[in-house]
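Asker: Just so it is clear: in the sequence shown, position 27 is 99 by my numbering, and no numbers are missing. Beta carbons: idealized from backbone N, C-alpha and C, even for Gly. Model, not experiment: these values are computed from the prediction. This is the structure I have questions about; it appears just below.
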Amino acid sequence: MRVLVGVLTGHALVASHLHKMGRTSSPICQNCDEEVRETVYHYLCQCPRFASIRFCTFGRGRLPRETLGSLELKDILSFCRQTGRLLGEIS
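Following this line, the structure appears as structure tokens:
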């Protein structure tokens, strides 16, 4: 449940949020070579490292921002589990 709350509010343990809290030195995504801030949006919808899992879960390798509101909660949680990210938050 905590994973979903974090993803939905943007307060998941991704680099940009951890950087704001002073828990990491950089907000840049360490999972890909794009040199972009790792936000919940980047992780869930854009990060190339997770494109195949995203495709299997949501039917697309990249998701446009406007589709975020229509994603099934069970699919978001499944994606998080399959990527192995945010697992420390799952309770």
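1. For a quick check, are the C-beta atoms of residue 132 and residue 104 less than 8 Å apart?
2. Strictly by DSSP, which residues pair up with residue 100?
3. Rounded C-beta distance between residue 98 and residue 87? I'm assuming under 8 Å.
4. Pull up the distance between the alpha-carbon of residue 149 and that of residue 118, whole angstroms please.
5. To the nearest angstrom, how far is it from the Cα of residue 106 to the Cα of residue 152?
6. Rounding to the nearest angstrom, what Cα-Cα distance links residue 135 and residue 147 in this structure?
Answerer: Looking at the coordinates:
1. Your numbering for residue 132 matches position 60 in the sequence shown. Your numbering for residue 104 matches position 32 in the sequence shown. No.
2. In the sequence shown, counting from the first residue as 1, residue 100 sits at position 28. According to DSSP, which records beta bridges pairwise, residue 100 is partnered with 109.
3. Residue numbering aside, residue 98 sits at position 26 when the sequence shown is read from its first letter. Residue numbering aside, residue 87 sits at position 15 when the sequence shown is read from its first letter. About 7 Å; that satisfies the 8 Å criterion.
4. Numbered from 1 along the sequence shown, position 77 holds the residue referred to as residue 149. Numbered from 1 along the sequence shown, position 46 holds the residue referred to as residue 118. Cα to Cα, residue 149 sits roughly 16 Å from residue 118.
5. Counting from 1 along the sequence shown, the entry for residue 106 is found at position 34. Counting from 1 along the sequence shown, the entry for residue 152 is found at position 80. So the alpha carbons of these two residues sit roughly 20 Å apart.
6. Taking the first residue of the sequence shown as 1, we reach residue 135 at position 63. Taking the first residue of the sequence shown as 1, we reach residue 147 at position 75. Approximately 13 Å, taken between the alpha carbons.
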